[in-house]
Amino acid sequence: GFWEAPGALGWLAEATAGDAVGFALFREVAGEAELLRVATAPAWRRRQVGRSLLAAALAGLDRSGVRCHLEVRADNLAAQALYQGFGFALAGLRRRYYRDDCDAWLLAREPGSLGGERRL
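Here the sequence shown is numbered in the numbering used here, starting from 21 and rising by one per residue.
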């Protein structure tokens, strides 16, 4: 499974009762991490869980000097704004990447970045 794979990294958010309410998954290879997924339980959305997970994960990657990249749908403006706030900047484009022909934007972030240099 995922956790046995080399370079698998994950962060888990738990409620005070110990229930999992969100997670962030990355894969690290050669000093570079790819954000694979950030997810929040439906009852916990709009409560800063995803933002907190991403902040914790990126702080850990920053301490290790790891560059991070991801891909996001070109029409997912909320996710783009979130990532840009954490220092991700536009690094490339994959045209008609998704099944519905939506483009994918490739975003990258250097360790310690506080805000995007290139507007999305």
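The C-beta atom is built at its ideal place from N, Cα and C for all residues, glycine as well.
When you compare the CB of residue i with every CB in chain D, is at least one pair closer than 8 Å?
i, result
"Gln104", "In the structure shown, chain D cannot be found, because there is only a single protein chain."
With 16 other CB atoms within 10 Å as the buried threshold, where does residue i fall?
i, result
"Arg42", "Per the sequence presented here, residue 42 reads as Gly, with Arg not at that position. It counts as buried."
"Gly27", "exposed"
"Val49", "exposed"
"Tyr103", "buried"
"Ala101", "exposed"
"Glu91", "buried"
"Leu32", "exposed"
"Gly70", "buried"
"Thr36", "exposed"
Excluding the 5 residues flanking residue i on each side, which residues of the same chain have their C-beta closer than 7 Å to its C-beta?
i, result
"Glu34", "Ala40, Val41"
"Leu134", "Gly107"
"Leu127", "His89, Leu90, Val92, Tyr103, Phe108, Ala109, Leu110, Ala111"
"Asp123", "Ala94, Leu113, Arg114, Arg115, Arg116, Tyr117"
Going by the DSSP bridge assignment, what does residue i pair with across the sheet?
i, result
"Arg93", "Ala124"
"Gly112", "Leu126"
Ordered along the chain, which non-local residues of its own chain (more than five positions away) have a Cβ less than 6 Å from that of residue i?
i, result
"Arg138", "With a pLDDT of 45 at Arg138, under the threshold of 50, the modelled position of that residue is not reliable, and no figure is offered here."
"Arg83", "none"
"Ala61", "Val41"
Since residue i and residue j are thought to touch, with beta carbons under 8 Å apart, how far apart are those beta carbons, to the nearest angstrom?
i, j, result
"Val58", "Ala75", "At roughly 11 Å, the Cβ-Cβ gap does not stay under 8 Å, so Val58 and Ala75 are not in contact."
"Trp64", "Ala94", "So it is not a contact: roughly 27 Å between Cβ atoms."
Only counting the same chain, and skipping five residues up and downstream in sequence, which positions put a Cβ closer than 8 Å to that of residue i?
i, result
"Glu86", "Glu is not the amino acid found at residue 86; the sequence shown has Val there. Answer for Val86: Glu48, Gly51, Glu52, Ala53, Pro131, listed in chain order."
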